[in-house]
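Reading through the structure tokens given below for one structure.
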Amino acid sequence: VTGAVTLRAANKQRKSIIIQNLGSGTLYIGASGVLTTDGIQVKTDGEITLDRGVGDAIYANATGSCDVRFLEELA
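The opening position of the sequence shown corresponds to residue 184 in our numbering, with each subsequent residue numbered one higher.
Next comes the structure, spelled out in structure tokens:
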């Protein structure tokens, strides 16, 4: 991932998701249009777990190159 992207499309069956950043850049998670100045930061080798409102689309913006991995729990 580099720059602004939709990480995961909306999925009402999604109960939770773990997002992991294995790349050398920093990943920022947030709403549509998320910026590096207002997103939740996921540093290199870091992760974030979302378990509320996760049926919505998940957006990201990255500085540098991010190798992003997902683990979703579906209903």
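Note that CB positions come from ideal geometry on N, CA and C, so glycine has one too.
Note that the structure is predicted; figures quoted are calculated from it, not measured.
Residues of its chain near residue i, where Cβ-Cβ distance is below 7 Å and the 5 sequence neighbours each way are ignored
i      : result
Thr219 : Tyr211, Asn244 and Thr246
Asn194 : Gly238
Rounded straight-line distance, which links the Cα of residue j to that of residue i
i      : j      : result
Ile223 : Gly213 : 6 Å
Asp228 : Thr189 : 20 Å
Ala240 : Ser215 : 8 Å
Ile231 : Ala187 : 18 Å
Glu255 : Asp221 : 24 Å
Burial state of residue i (16 or more Cβ within 10 Å)
i      : result
Arg235 : exposed
Arg197 : buried
Arg252 : exposed
Minimum C-alpha distance to residue i - residue among the options
i      : options                   : result
Ala192 : Ala258, Gly238 and Thr185 : Gly238
Leu257 : Cys249, Ile200 and Val184 : Ile200
Sequence-distant residues of the same chain with beta carbon closer than 6 Å to residue i, five excluded per side
i      : result
Gln203 : Glu230 and Arg252
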